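Trainee:
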Amino acid sequence: MVSGRTVKEVGVFAGLIVVMHYAYYTIQNNPSLVAPEQRSELFYMTTIRPFDVMDMLKFNNVNLDSMTETYGFNFYLYYLVNWPEYYQVAEHPNGQIMGYIMGKAEGRDENWHGHVTALSVAPDYRRLGLGARMMYTLEHISDMKKAYFVDLFVRVSNHVAISMYKALGYVVYREIIDYYSGPHDENAYEANQKEKFSIFTGIQYGTTAMAVLLMMRTSNKFLTHAQRGKTIVGAAGCLYLSVAIEFGLFPFNFFVKEKVSLRKT
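Residue numbering for the sequence shown follows full-length UniProt numbering, starting at 1 and increasing by one per position.
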């Protein structure tokens with residue numbers, strides 16, 4: 001028979017694991033929490049500023065990545081004229097463009113939202129947290145505009161970008177067939193920010209509460225050994241589900257609602 005003391009020890013151990021995981025993922029997703037000596041000085045010296053028309057002559061190095069969509073001059077100019085606040089660049093201290101993000105606000109009523117049209121970081125300046133930093137800037141602008149959420153499209157093969165969006169709290173809404181055209185057409189994930197309180201948040205709170213109740217039930221002295229064992233297993237399962245939702249342990253496309261064929265316009 002499992003004693004009450006053993007149950008408490010298991011609970012404390014599980015709590016420590018949750019805290020350790022939370023600390024680890026928080027640090028990974030927020031570069032400012034990492035010790036300065038472990039970060040490149042470029043992260044702190046980089047300037048995020050509004051895009052200028054003259055930057056169009058300087059950001060070709062950013063578009064070298066095959067995963068980056070490139071557009072004509074008129075397309076960039078159209079965004080600069082209509083949504084200048086959504087057009088931001090990461091600038092090196094020497095004036096070189098390290099990356100850029102462009103987007104817009106669109107939709108009506110409850111569908112009013114910010115959209116990420118393009119996000120790219122030059123190959124030489126990857127893994128500095130610049131992509132996440134520019135995303136935070138765009139999300140802040142969307143909040144200022146009272147947008148309900150932010151959405152984006154990403155290639156299903158762009159695992160680096162997918163990892164970043166997943167860490168930032170984006171979840172897949174649907175998969176669009178042949179969204180990206182070219183020599184080899186490719187599908188895209190349409191991803192949205194998780195709502196501050198969504199069905200996932202409700203499930204997380206519910207499973208956490210259930211885990212606590214089940215662990216409390218194990219102290220009932222009238223339970224048989226088999227019943228107590230099943231209760232502990234159930235509590236562990238609920239706790240795991242809660243942690244999996246919190247830290248995004250599910251695959252990025254785990255919650256895909258549908259696949260559609262829709263060419264971009």
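For each residue, glycine too, the CB sits at the ideal point set by N, CA and C. For clarity, every value in this text was computed on a predicted model and none was experimentally measured.
For LYS230, would you say it is in contact with chain D, using Cβ-to-Cβ distances shorter than 8 Å as the test?
Mentor: Protein chain content of the structure displayed is limited to a single chain, and chain D is not contained in it.
Trainee: With DSSP as the reference, please indicate the residues paired to LEU138 in a beta bridge.
Mentor: DSSP lists no partner for LEU138.
Trainee: Going by DSSP in three states, MET54 sits in which element: helix, strand or coil?
Mentor: Secondary structure at MET54: helix, using DSSP grouped into helix, strand and coil.
Trainee: Given a threshold of 16 other Cβ atoms within 10 Å of its Cβ, counted over all protein chains shown, does residue 322 qualify as buried or as exposed?
Mentor: Nothing about residue 322 can be read from this structure; the chain reaches only from 1 to 265.
Trainee: Which residue from ILE176, LEU152, ILE177, ASP178 puts its Cα closest to that of LYS166?
Mentor: For LYS166, the nearest C-alpha among the options comes from LEU152.
Trainee: Excluding the 5 residues preceding and the 5 following ARG49 in the sequence, name in chain order all residues of the same chain whose CB lies nearer than 8 Å to its CB.
Mentor: The answer, listed in chain order, is GLN88, VAL89, GLU91.
Trainee: Could you tell me the distance, in whole angstroms, from the CA atom of SER32 to the CA atom of PRO183?
Mentor: Residue placement at SER32 is poorly supported in this model, since its pLDDT is 48, which falls under 50; the coordinates still yield a value, given next. When rounded, the distance between both Cα atoms is 40 Å.
Trainee: Are PHE73 and MET56 close, meaning C-beta to C-beta below 8 Å?
Mentor: yes
Trainee: According to DSSP, is VAL156 part of a helix, a strand, or is it coil?
Mentor: Here VAL156 sits in coil by DSSP.
Trainee: Let me make sure I understand the geometry here. Which of LYS146, ILE176, ALA132, TYR179 has the alpha-carbon closest to that of GLY169?
Mentor: ALA132
Trainee: Give the DSSP-derived three-state secondary structure of SER242 in the structure shown.
Mentor: helix
Trainee: When the distance is taken between beta carbons, is ASN187 closer than 8 Å to MET67?
Mentor: no
Trainee: Could you check which residue in MET98, ILE177, TYR100, PHE51 has the C-alpha nearest to that of VAL81?
Mentor: Measuring from the Cα of VAL81, the nearest candidate turns out to be PHE51.
Trainee: Indicate whether LEU130 and VAL116 have their beta-carbon atoms separated by less than 8 Å.
Mentor: No, the Cβ-Cβ distance between LEU130 and VAL116 is not below 8 Å.
Trainee: Does DSSP put THR117 in a helix, in a strand, or in coil?
Mentor: strand
Trainee: On the DSSP bridge list, what partners appear for ILE48?
Mentor: ALA90
Trainee: Quick one: is ARG108 buried, meaning 16 or more other Cβ sit within 10 Å of its Cβ, or exposed?
Mentor: The Cβ neighbour count for ARG108, taken over all protein chains shown within 10 Å, is under 16; the residue is labelled exposed.
Trainee: Answer with buried or exposed for ARG228, where buried requires no fewer than 16 other C-beta atoms within 10 angstroms of its C-beta.
Mentor: buried
Trainee: Under a Cβ-count criterion, where at least 16 other Cβ atoms within 10 Å of its own Cβ denotes burial, should VAL154 be classed as buried or exposed?
Mentor: buried
Trainee: For ASP185, which of helix, strand or coil comes out of DSSP?
Mentor: coil
Trainee: Compute the Euclidean distance between the alpha carbons of LEU241 and VAL172, then round it to the nearest angstrom.
Mentor: For LEU241 and VAL172, the gap between their C-alpha atoms comes out near 18 Å.
Trainee: With DSSP as the reference, please indicate the residues paired to MET102 in a beta bridge.
Mentor: Paired residues: ALA118.
Trainee: According to DSSP, is THR126 part of a helix, a strand, or is it coil?
Mentor: Sequence inspection shows Arg at residue 126; the Thr mentioned does not correspond to that position. Correct three-state label for ARG126: coil.
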